[in-house]
Amino acid sequence: MNDAEKLIATIKAVRIPQAYDLEAWEADAIYEDAKLDTFRMMGHAFEYGFLKGQRATKLPANVLHMLAQADERQLKLIAGFVRQLVKKGGAT
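Residues are numbered in the numbering used here as their position in the sequence shown, beginning at 1, plus a constant of 421.
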């Protein structure tokens, strides 16, 4: 398998959590701006994915800050919420 085939296989194997997946209106906006300019469309999609990745990395820092500020009662509520998410498969 050459490098291009490995790249495509890696991309196809990616499983994106629903919270970070591209929504239809976002894809439409990228398409409408790029029209038939394939490279512009790819660039927009890549840049938007990068932007979403940057946003996703900010979340843990925000959560850690919130946890550091929480009192014991709030921490118990948060722990219960997380347990329910895990049971339902919502924390991926």
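Quick reminder that beta carbons are idealized off the backbone N, C-alpha and C, glycines included.
Exercise. Classify E447 as helix, strand or coil using the three-state DSSP reduction.
Key: To locate residue 447, count along the sequence shown from 1; it is residue 26. DSSP places E447 in helix when its eight states are reduced to three.
Quiz item: Quick one: what does DSSP say V435 is sitting in, helix, strand or coil?
Solution: Along the sequence shown, read from residue 1 onward, the residue named residue 435 stands at position 14. Here V435 sits in coil by DSSP.
Quiz item: Distance, Cα to Cα, F471 vs M462?
Solution: Counted from its first residue, the sequence shown places residue 471 at position 50. Counted from its first residue, the sequence shown places residue 462 at position 41. Cα to Cα, F471 sits roughly 14 Å from M462.
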